[in-house]
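S.K.: Following this message is one structure expressed as structure tokens.
Numbering (full-length UniProt numbering), first residue to last: 1 to 222.
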């Protein structure tokens, strides 16, 4: 049997390599089409932290420092306006959240800025995007540190919240002795009342409308 010429061997080998590479390419494309939806369902790709600021890092740090200084360090009047408490009360709250609530500073933010951010949101009912601009922080940073302070506050509930005592049967106060086991009252509570048919026109209800909605006092019982 005659041997195959060398140039034909080279052509055959090159053709086989080309076919092999094309097959591998097609197989990989099919696998990618199959696995891509599964990856989107089960693999969470972290999103990059996007800042809404265009200035440099040094300018951003300087703006944060000046902002916190004007927020809680200038005067008691400014501190009360911004976080609804004076500087001494703010320092005591930060110490309580550190010692009892376990709030700790990190490499990005100290406890005083965390608490100031938390109180500023509660005091002014601002959205995350507003806090981003005011505190020069990202949306993820604002949300994460707000949650950290909230958890620390919840750990201090025994020190921050006073447990009400119910009205006893031997109470001598004429305004409360008729309300046994009452915990207290919430003034200015908005209550909607609808009078029953058999109670209309009685001395208990002086209005003539079918229903009444207004400010009232709500009693809390055990």
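Virtual Cβ for every residue (Gly too), placed ideally from N, Cα, C.
1) Quick check: residue 122 and residue 114, are their CB atoms within less than 8 Å of each other?
2) So, for residue 50: in the same chain, excluding its five sequence neighbours on each side, which residues have a beta-carbon less than 6 Å away from its beta-carbon?
3) Just how far apart, CA to CA, sit residue 131 and residue 148?
4) Give the DSSP-derived three-state secondary structure of residue 183 in the structure shown.
5) In angstroms with no decimal places, state the Cα-to-Cα distance between residue 119 and residue 151.
6) If you drop the 5 nearest sequence neighbours on each side, which residues of the same chain put their C-beta closer than 6 Å to that of residue 16?
7) Just reading off the alpha helix (DSSP H) that residue 132 is part of, what are its end residues?
8) Please state the DSSP three-state secondary structure of residue 64.
9) Could you tell me the alpha carbon to alpha carbon distance between residue 56 and residue 163, rounded to whole angstroms?
10) Please report how far the alpha carbon of residue 18 lies from the alpha carbon of residue 12, in whole angstroms.
11) Counting along the chain, where does the alpha helix (DSSP H) carrying residue 151 start and finish?
12) State the Cα-Cα distance for the pair residue 79 and residue 90, rounded to the nearest angstrom.
13) For the alpha helix (DSSP H) containing residue 100, list its first residue and its last residue.
14) Which residue comes first and which comes last in the alpha helix (DSSP H) that contains residue 119?
15) Apply the 10 Å Cβ neighbour rule to residue 145 and answer buried if 16 or more other Cβ atoms are within range, or exposed otherwise.
16) Taking the alpha helix (DSSP H) that residue 171 belongs to, which residues open and close that run?
M.R.: A quick look at the data gives this:
1) no
2) At residue 50 the pLDDT is 48, less than 50, meaning the model places this residue with poor confidence; the figure from the coordinates comes in the next sentence. Here the set comprises nothing.
3) 16 Å
4) strand
5) 14 Å
6) none
7) 128-135
8) helix
9) 49 Å
10) 10 Å
11) 139-155
12) 8 Å
13) Premise fails: residue 100 is in no alpha helix (DSSP H) and is neither H nor E.
14) 111-124
15) buried
16) Taken as a continuous stretch (DSSP letters only), residue 171 belongs to no alpha helix (DSSP H), as it is neither H nor E.
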